[in-house]
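Worksheet: one structure, shown below.
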Amino acid sequence: MKFFIDTANLAQIKEAQELGVLDGVTTNPSLMAKEGIKGQDKIIQHYIDICNIVDGDVSAEVISTDFKGIVEEGEKLAALHPQIVVKVPMIKDGVKALKYFSSKGIRTNCTLVFSSGQAILAAKAGATYASPFIGRLDDVSFDGLDLIASMRLIYDNYGYETQILAASVRHPVHIIKCAEIGADVATCPLSAITALLNHPLTDIGLAKFLADAGKK
Ligand code: E4P
């Protein structure tokens, strides 16, 4: 399973990259706003800065909601850097745009996927990635991991090449369960990635080894 980091914070992206386990980055307009990145020029420069830190795919989200606008915006974003993947919302014009981008060889991430039906449309339209938001489903009392499992079954049934990009990941158990089910990618906050490191028996064991190493 690939690990993407779900942030527009350059320091956190660098930290994850230096850990050596990072395969890409996802951003969204809320994450950009959280970092105070406003205005088209600054947003574009920020995407380029992110691409220069990581080796893998970087999702850049369109904010248009009509076919023409999504296509114009997406083509501009894709032209910024070869690592850019155009993030398109799961709406009717978004599906049409996914198909268009797919025919032009522009890679896409279909965002705001909350149901298996939406996931089928994303795959049929040729999305490179489909992003089910598991944490937000959990928030409204639906098990987000059930959606990952359903998507895995459906995509495998028909050999869809769209990759399942588990999004809205909140904690390390989400990551482990996504890996068990067979998500292709999990995009996670840095805190969830580094939480995978932790085990009290590791700390106790290391303390004992170091103490014993110091004995004569
Ligand atoms: C990533 O592509 C999504 O935009 C993101 O994971 C949403 O996460 P949130 O539900 O924590 O905002």
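The sequence shown stops at residue 215 when you use numbering that gives the first Met the number 0, and every number in between is there.
Don't be surprised by glycine CBs; every beta carbon is placed ideally from N, CA and C.
Whether residue i touches residue j by CB criterion (7 Å)
i: Q39; j: V57; result: no
i: A7; j: T25; result: no
i: G143; j: R169; result: no
i: A96; j: F66; result: yes
i: E72; j: V61; result: yes
i: C177; j: I147; result: yes
i: L111; j: V94; result: no
i: K86; j: G125; result: no
i: V84; j: N108; result: yes
i: P171; j: A194; result: yes
i: L189; j: A15; result: yes
i: F132; j: A166; result: yes
Spatial neighbours of residue i in its chain, beta-carbon cut-off 7 Å, leaving aside the 5 residues before and after
i: Q117; result: M89
i: I122; result: A quick correction: the sequence has Ala, not Ile, at residue 122. Here the set comprises A129, Y154, Y159, T161.
i: K1; result: D22, G23, D183, V184
i: I43; result: L79
i: V139; result: none
i: E34; result: A7, N8
Residue i: first and last residue of the uninterrupted beta strand (DSSP E) it sits in
i: L111; result: 107-112
i: F3; result: 1-5
i: Q162; result: 162-165
i: T186; result: 184-187
i: Y128; result: 128-131
i: K33; result: No beta strand (DSSP E) holds K33; the alpha helix (DSSP H) holding it covers 28-33.
i: V85; result: 83-88
i: V24; result: 23-25
For residue j and residue i, believed in contact at Cβ under 8 Å, the rounded distance
i: A32; j: Y46; result: Going by Cβ atoms, the distance from A32 to Y46 rounds to 14 Å, so no, they are not a contact pair.
i: I192; j: I12; result: No, I192 and I12 are not in contact; Cβ-Cβ is about 11 Å, not under 8 Å.
i: R106; j: T127; result: 4 Å
Residue span of the alpha helix (DSSP H) that contains residue i, given as start and end
i: F100; result: 91-102
i: D40; result: 39-52
i: A59; result: Taken as a continuous stretch (DSSP letters only), A59 belongs to no alpha helix (DSSP H), being part of the beta strand (DSSP E) at 56-60.
i: V70; result: 66-79
Chain D within 7 Å of residue i, Cβ atoms only
i: V85; result: This model lacks chain D altogether; it includes just one protein chain.
Cut-off 6 Å between Cβ atoms - residues of its own chain near residue i, not counting five sequence neighbours on either side
i: S29; result: none
i: V20; result: F2
i: S101; result: G125
i: S149; result: S115
i: L76; result: A59, I83, V85
Proximal residues to residue i (C-beta, below 8 Å), its chain only, five neighbours per side dropped
i: D92; result: T64, D65, F66, I69
i: I49; result: A7, L9, I12, V24, T26, V57
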